[in-house]
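Visitor: Numbering (the numbering used here), first residue to last: 373 to 1342. The C-beta atom is built at its ideal place from N, Cα and C for all residues, glycine as well. In this text, all values refer to a predicted model and were calculated from it rather than measured experimentally.
(1) Identify the continuous beta strand (DSSP E) that holds residue 742 and give its terminal residues.
(2) So, at 6 Å on beta carbons, what are the nonlocal neighbours of residue 628 in its own chain, with the 5 sequence-adjacent residues on each side left out?
(3) Which two residues bound the contiguous alpha helix (DSSP H) that contains residue 880?
(4) With burial defined as no fewer than 16 other Cβ atoms inside 10 Å of the residue's Cβ, what is the status of residue 632: buried or exposed?
(5) Run through the region 996 to 1053 for me and flag every whole alpha helix (DSSP H) of 4 or more residues, listed as ranges in chain order.
(6) How about the region 1041 to 1053 and the region 1106 to 1126: do they share at least three Cβ pairs that are nearer than 8 Å?
(7) Select from 1180, 1197 and 843 the residue whose C-alpha is nearest the C-alpha of residue 1170.
(8) Is it a yes or a no for the region 784 to 793 touching the region 807 to 817, going by three-plus beta-carbon pairs under 8 Å?
(9) For residue 645, which beta-bridge partners are listed by DSSP?
(10) With which residues is residue 727 paired in a DSSP beta bridge?
(11) Spell out the partners DSSP gives residue 555 in its beta bridges.
(12) Using the rule of at least 16 other Cβ atoms within 10 Å of the residue's Cβ for burial, across every protein chain shown, is residue 583 buried or exposed?
(13) Alpha carbon to alpha carbon, how far is residue 1099 from residue 940? Give it in angstroms, no decimals.
(14) Taking the Cβ atom as the reference point for each residue, do residue 755 and residue 763 lie within a distance shorter than 9 Å?
(15) Secondary structure at residue 831, three-state DSSP: helix, strand or coil?
(16) Determine the direct distance from the alpha carbon of residue 898 to that of residue 875, and round the result to whole angstroms.
(17) Please tell me whether residue 928 and residue 949 are closer than 9 Å, where the distance is taken between their beta carbons.
(18) Enumerate, from N- to C-terminal direction, the unbroken beta strand (DSSP E) stretches of 3 or more residues contained entirely within the region 836 to 868.
(19) I want to know whether the region 823 to 836 touches the region 845 to 862 - three or more CB-CB distances under 8 Å.
(20) Check residue 674 in the structure and name its three-state DSSP category.
(21) Which residues in the same chain as residue 730 place their Cβ atom closer than 7 Å to its Cβ, once the five residues preceding and following it in sequence are excluded?
(22) Output the distance between the C-alpha atoms of residue 995 and residue 886, rounded to the nearest integer angstrom.
(23) Could you compute how far the alpha carbon of residue 579 sits from the alpha carbon of residue 460?
(24) Evaluate residue 810 with the Cβ neighbour count: other Cβ atoms within 10 Å of its Cβ, from every protein chain shown; 16 or more gives buried, anything less gives exposed.
(25) Less than 8 Å between the CB atoms is what I'm expecting for residue 1234 and residue 1241, so what's the real figure, rounded?
(26) Quick one: using the 10 Å Cβ neighbour count with 16 as the cut-off for buried, is residue 661 buried or exposed?
(27) Tell me the rounded alpha-carbon separation between residue 671 and residue 782.
(28) Ordered along the chain, which non-local residues of its own chain (more than five positions away) have a Cβ less than 7 Å from that of residue 456?
(29) Around the Cβ of residue 616, are there at least 16 other Cβ atoms within 10 angstroms (buried) or fewer (exposed)?
(30) Leaving aside the five residues before and after residue 919 along the sequence, list all residues of the same chain whose C-beta is less than 6 Å from its C-beta, in chain order.
(31) Given this structure, state the Cα-to-Cα distance separating residue 794 from residue 657, to the nearest angstrom.
(32) Excluding sequence positions up to five away, which residues of its chain have a Cβ less than 6 Å from the Cβ of residue 1112?
(33) What are the boundary residues of the beta strand (DSSP E) that residue 797 is part of?
(34) One question on the structure: do residue 842 and residue 834 come within less than 9 Å of each other, judged by their Cβ atoms?
(35) What residues match up with residue 1160 in a beta bridge as DSSP calls it?
(36) Between the Cα of residue 836 and the Cα atoms of 865, 855, 821 and 858, which residue gives the shortest distance?
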């Protein structure tokens, strides 16, 4: 026993000594040279071994080298496609005896492998020499009898010899490699294709390829990181020699990342190419699997499962029993490909029954709350050799149905005033029919939004859309509130070019329903527009856009450029601009023209803006904000053939408006109205902290009579009118703007007349017409050569002291203040009836008329709220010289004066009319019977006192005037 132990110990010592010492005496340089030569002959690659080299006999005969590189065809330029910090070559033990070194395995530590395909198709790993003559190589190094059999086999027919030679060469090449294993640890692989923008890169590569027998099973295991995801690959191939020899052999491959996996099992052959495979894929996350393919899904549809059978050869390929499950989506189908012709032909069918709309949206990357059923039945066919050709040649027939659908999460609530119903579509039902892509795809259906039902129809050229080009598309949406349509060309990138139409019976109601109320007021009802619209990138263009808004119609052209700050450029050509719906029609003008307090008060109390008023009829204190002008830049030009507001008619006009840096400037370049013309400018400044307004207008040679008649139902002045206005203001509300109003204004009427009355004649001939209220006489008028005034406006208060009317027989001067913030008037005018024509052109007069007679003046005061002012004679002015006033009245003569002086008897008509006038004038406050007064049955003082009370005159006024006359007479 002792001897046995000593013997075993000696043997072990000898083995250790051999392992440690023998490598020191082996010809490392020769072995290194042969290893390099072996790799060159078997792979066609040049090996660079620049680092230290060592030999080892344990655990196997091997050559270990550091700092190595591999170069292929491109290596002539010094380019290496692989580098490693350390490599271990496994060597056959027979080399120790024969000296003929054979590489049996390669182990690479931290290699960096760069695989590139150049523009001309060459690869970075291309062998440096032609290694197709495998038979000679095998015969020279291995003396394999099988190779001799291949080389010495009986000649085959020409049609069979070539494939046989190819198979033999492939098999021989595989044998010639002679490497039993390949190991990679901590490697990096980069792959760059010529048409790829970025290279594909994997890292942390660990790989083990075991091929102890090429007629047995070859096993592959690997793990690496790809797109920052861990990936594992495992597979096996049985009998590679048989596969290269043309036989069909079993294959098994599985790729997994986390719990997601794809598996391929079955049999495959290379020469001729054929396969019978079963494909399967499953996992809890489709998003993770899509990430491996470079697709980033916005939402994860969740678990998935795919199974199919693939069978094919060089002439055909079939996909059968396709079953795809994704959530509640279950898609089945089959496909066949005919590869026998010069161009492959593909056909198939896909069927989906009662699928989930929510799962489909998730698959499309939209994680939205949704429900409903989706079904489809589509048959497809195509031809082509590339993906683009297959897509271009695609033809689809079938149908797609959506029922009981509801989609939420649209994010529209904030756009329509916070209505949560705006965030979802309900009652969604859609039918899509395809009758081949050469025919338009048709769509019809219905949906509800915010409780309103809409119908939807459309057509489109699907083939062009799928090809990525612009395609003809038409879509129509109809509802009770609005209808809209598009007919033109659209592309998948969102570009549009075509005719757009919009039609609504109530634009104001539609905008309020959409959460964009237009404010109180009239109009903005019927709106209809149609034109050519285009969308390209951030630019929206519109041309030949004809529109009708209420009674206004015209055409628009322009463009809108979106971006950081939208820019709008437009030209509007209007046939007519009708303002009645927005500014009020006859009712508005009637209120303005009424002379009574009732109508005036009603007009004054109307709040046009609906804002908070400072009092009855006061200015609004609601904030005014021009900051919205900073949101866009704009350039508008508007022309119109006619502007109408109630009875007012304005002929051709031109307006240009710009918005730049928050400032709006509107220039009225042309205004033709009532025989005259005008220009003007309005500026709104939204860039300042406080809104600012400036306006300047000049109107010249206007025909005053039709202008005032149409504008205010004011038909008793005629002549040529000139009006000028130049004002500025600033303030945060309507009230503040009025309080800060400053500037000037003036108006003049030239060569005109006050129609309907002849003031000098009426005063001279005080008669029945006087008691009838100086009613208008269409044939009578008071001529004037000028009537005008200028105003200085400061802090909203307009003052004038040069009101002037000059005519042949009448003069009037005046001055006053209009307090616009308080809406009050304080005026005093002094009309004079002038019996002389001094200073005027000669006029005929009665014989004996004194041309130097002084004028009769009765000052008038206009005071109080401007919607209901008090208008009364300035009694103080008359009382300063009552004797002169009465004497002047006597000199004017007339029927009434003659009766008062007892020279004539009054007629019954005069008595009746006098009673009527007194009753109307005093509002029934005094009871005076004119006939009793004339018959002397009533005391004069009582009459005068009653008149004073009825007319609201100071007590004793009439007694001082007429009482004195009575005393003088007595």
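Guide: On the basis of the supplied data:
(1) Position 370 of the chain shown holds residue 742. Taken as a continuous stretch (DSSP letters only), the beta strand (DSSP E) holding residue 742 covers 742 to 755.
(2) Residue mapping note: residue 628 aligns to position 256 of the chain shown, counting from 1. Excluding five sequence positions before and after residue 628, the CB atoms of its chain that fall closer than 6 Å to its own CB belong to 604, given in chain order.
(3) By 1-based counting over the chain shown, the position of residue 880 is 508. Residues 879 to 885.
(4) In the chain shown, the residue the question calls residue 632 occupies position 260. With 16 or more Cβ atoms within 10 Å of its Cβ, residue 632 is classed as buried.
(5) Taking only runs of at least 4 residues, no alpha helix (DSSP H) segment lies wholly in the region 996 to 1053.
(6) Taking 8 Å as the limit for Cβ pairs, the verdict is that the region 1106 to 1126 does not touch the region 1041 to 1053.
(7) The count along the chain shown starts at 1 and reaches residue 1170 at position 798. Nearest of 1180, 1197 and 843 to residue 1170, Cα basis: 1197.
(8) Contact annotation: the region 784 to 793 does not touch the region 807 to 817, with fewer than three C-beta pairs closer than 8 Å.
(9) For the purposes of this step, residue 645 is taken as residue 273 along the chain shown, with counting starting at 1. In the DSSP assignment, the residues bridged to residue 645 are 642.
(10) Within the chain shown, the letter at position 355 stands for residue 727. Answer is 746.
(11) Counting from 1 along the chain shown, the entry for residue 555 is found at position 183. Note: residue 555 sits in a beta bridge opposite 479 and 580.
(12) For the purposes of this step, residue 583 is identified with residue 211 of the chain shown, where counting begins at 1. Label assigned to residue 583: buried.
(13) By one-based count along the chain shown, residue 940 stands at place 568. By one-based count along the chain shown, residue 1099 stands at place 727. In a straight line, the C-alpha of residue 940 is about 29 Å away from that of residue 1099.
(14) In the chain shown, residue 755 corresponds to position 383, counting from 1. In the chain shown, residue 763 corresponds to position 391, counting from 1. Contact: no.
(15) Within the chain shown, numbered from 1, the residue matching residue 831 stands at position 459. Three-state DSSP puts residue 831 in a strand.
(16) On the chain shown, position 503 is the one that residue 875 refers to. On the chain shown, position 526 is the one that residue 898 refers to. One C-alpha to the other measures close to 8 Å.
(17) The residue labelled residue 928 in the question sits at position 556 within the chain shown. The residue labelled residue 949 in the question sits at position 577 within the chain shown. Cβ atoms of residue 928 and residue 949: not closer than 9 Å.
(18) Counting whole runs of 3 or more residues, the region 836 to 868 contains the beta strand (DSSP E) stretches 843 to 851 and 855 to 862.
(19) When Cβ pairs closer than 8 Å are counted between the two stretches, the region 823 to 836 is seen to touch the region 845 to 862, the count reaching three or more.
(20) Taking the first residue of the chain shown as 1, we reach residue 674 at position 302. Coil at residue 674, not helix or strand.
(21) Position 358 of the chain shown, counting from 1, holds the residue named residue 730. Around residue 730: 742 and 743.
(22) Walking along the chain shown from the start, residue 995 turns up at place 623. Walking along the chain shown from the start, residue 886 turns up at place 514. Taking the straight line from one Cα to the other gives about 23 Å.
(23) Within the chain shown, the letter at position 207 stands for residue 579. Within the chain shown, the letter at position 88 stands for residue 460. Cα to Cα, the separation comes out at about 15 Å.
(24) Against the chain shown, residue 810 aligns to sequence position 438. Classification of residue 810: exposed, given that the 10 Å Cβ count is below 16.
(25) One-based indexing of the chain shown puts residue 1234 at position 862. One-based indexing of the chain shown puts residue 1241 at position 869. Between the beta-carbon of residue 1234 and that of residue 1241 there is about 5 Å, and that keeps the pair under the 8 Å contact cut.
(26) Taking the chain shown and counting its residues from 1, the one referred to as residue 661 is at position 289. Burial check for residue 661: the Cβ neighbour count within 10 Å reaches 16 or more, so the residue is buried.
(27) Counting from 1 along the chain shown, the entry for residue 671 is found at position 299. Counting from 1 along the chain shown, the entry for residue 782 is found at position 410. Answer to the nearest angstrom: the Cα atoms are 16 Å apart.
(28) Start at 1 with the first residue of the chain shown, and residue 456 comes out as number 84. These residues qualify, in order along the chain: 440, 480, 481, 482 and 483.
(29) The count along the chain shown starts at 1 and reaches residue 616 at position 244. So residue 616 ends up on the buried side.
(30) Numbered from 1 along the chain shown, position 547 holds the residue referred to as residue 919. Here the set comprises 901.
(31) On the chain shown, position 422 is the one that residue 794 refers to. On the chain shown, position 285 is the one that residue 657 refers to. Taking the straight line from one Cα to the other gives about 32 Å.
(32) Stepping through the chain shown from its first residue, residue 1112 is reached at position 740. Excluding positions up to five away in sequence, the list reads 1101, 1102 and 1103.
(33) Looking up residue 797 in the chain shown gives position 425. For residue 797, the uninterrupted beta strand (DSSP E) segment begins and ends at 797 to 807.
(34) For the purposes of this step, residue 842 is taken as residue 470 along the chain shown, with counting starting at 1. For the purposes of this step, residue 834 is taken as residue 462 along the chain shown, with counting starting at 1. It is not a contact, given that the beta carbons lie outside the stated cut-off.
(35) Within the chain shown, the letter at position 788 stands for residue 1160. 1120 and 1176.
(36) If you number the chain shown from 1, residue 836 lands on position 464. Scanning 865, 855, 821 and 858 for the CA closest to the CA of residue 836 turns up 865.
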